[in-house]
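Residue numbers (this note's numbering): 278 to 442. Cβ coordinates follow ideal geometry from the N, Cα and C atoms, glycine included.
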Amino acid sequence: MGMSVTISAATEQDAEQIFRLQYLCFQSEAALYGNYRIDPLVQTLDSVRAEVASDCVFVARLGDEVVGSVRGRVTEDGAASIGKLCVHPRLQGHGIGARLLRAAESALSEERGATRFRLHTGHRSEGNLRLYRRVGYEAVGTVEGADGVRMIVLEKQAGAYAATA
Numbered sequence: 278m279g280m281s282v283t284i285s286a287a288t289e290q291d292a293e294q295i296f297r298l299q300y301l302c303f304q305s306e307a308a309l310y311g312n313y314r315i316d317p318l319v320q321t322l323d324s325v326r327a328e329v330a331s332d333c334v335f336v337a338r339l340g341d342e343v344v345g346s347v348r349g350r351v352t353e354d355g356a357a358s359i360g361k362l363c364v365h366p367r368l369q370g371h372g373i374g375a376r377l378l379r380a381a382e383s384a385l386s387e388e389r390g391a392t393r394f395r396l397h398t399g400h401r402s403e404g405n406l407r408l409y410r411r412v413g414y415e416a417v418g419t420v421e422g423a424d425g426v427r428m429i430v431l432e433k434q435a436g437a438y439a440a441t442a
């Protein structure tokens, strides 16, 4: 019998696994844009540790291995900024990303008072866009990232959960 993936709040001890997983997962994004200086690839381990300590961070675990991660924080305007959602390439397509997103959204609205959720993804990231639309996000604009990649901004209201996950 195989193990099942569990979702839980990240702890300080998870930071290094999150850091390594993020580096692995965002290689395909970097390749899409021919840009290996995107934020998830240049972020430092100390910065990941700081986010785990201050932000709302969830991990997906398969046994002791962190196989997915997502981060969020409430911004000045009451929206929750959600980012760096990643799932190990060997486990993508099994609903883990949607489960991580749902966990972050629940905690950000229930524990931190977020009234809506906002996230960004690269304009060529079709798989990401499909997931976000499937769970209720709608495109509201575009911005250029600090790395020069054009990002689509997506939002949804807190409480607007799709029937997936």
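Practice problem: Look at Val282 and Ile373 and say whether their C-beta atoms are less than 8 Å apart. | Solution: Along the sequence shown, read from residue 1 onward, the residue named residue 282 stands at position 5. Along the sequence shown, read from residue 1 onward, the residue named residue 373 stands at position 96. For Val282 and Ile373, yes; Cβs fall inside 8 Å.
Quiz item: Would you say the region 324 to 331 touches the region 372 to 392, given that touching needs at least three Cβ pairs under 8 Å?
Solution: no
Quiz item: What three-state label does DSSP hand Ile315 in the structure shown?
Solution: As a position in the sequence shown, residue 315 is number 38, starting the count at 1. Three-state DSSP puts Ile315 in coil, outside helix and strand.
Quiz item: Do Cys333 and the ligand GDP come close, with the Cβ less than 7 Å from some heavy atom?
Solution: Annotation note on the ligand GDP: not contained in the displayed structure, which lists no ligands.
Self-check item: Sequence-distant residues of its chain with Cβ nearer than 7 Å to Met280 (five each side left out)
Solution: Counting from one through the sequence shown, the residue named residue 280 turns up at place 3. Leu339 and Gly340, listed in sequence order.
Exercise. Could you tell me which residues DSSP puts in a beta bridge with Cys333?
Key: If you number the sequence shown from 1, residue 333 lands on position 56. For Cys333, which the question treats as bridged, DSSP gives the partners Gly349.
Quiz item: What is the residue span of the alpha helix (DSSP H) that Arg376 lies within?
Solution: If you number the sequence shown from 1, residue 376 lands on position 99. Looking at the DSSP string, the run of the alpha helix (DSSP H) that includes Arg376 is Ile373 to Glu387.
Quiz item: With distances taken between CB atoms, is the gap from Gly443 to Tyr310 smaller than 8 Å?
Solution: This structure cannot settle anything about residue 443, because the visible part of the chain is limited to 278 through 442.
Quiz item: Distance, Cα to Cα, Ala327 vs Gln320?
Solution: One-based indexing of the sequence shown puts residue 327 at position 50. One-based indexing of the sequence shown puts residue 320 at position 43. Computed Cα separation, rounded: 11 Å.
Quiz item: If you check the beta carbons only, do Leu362 and Val343 fall under 8 Å apart?
Solution: In the sequence shown, the residue the question calls residue 362 occupies position 85. In the sequence shown, the residue the question calls residue 343 occupies position 66. No.
Self-check item: Collapsed DSSP secondary structure at Ala308 in the structure displayed
Solution: In the sequence shown, the residue the question calls residue 308 occupies position 31. Looking at Ala308 - three-state DSSP - the assignment turns out to be helix.
Quiz item: Shortest alpha-carbon distance to Pro366 belongs to which of Thr288, Gly436, Gly418 and Glu306?
Solution: For the purposes of this step, residue 366 is taken as residue 89 along the sequence shown, with counting starting at 1. Selected option, being the one with the closest Cα: Glu306.
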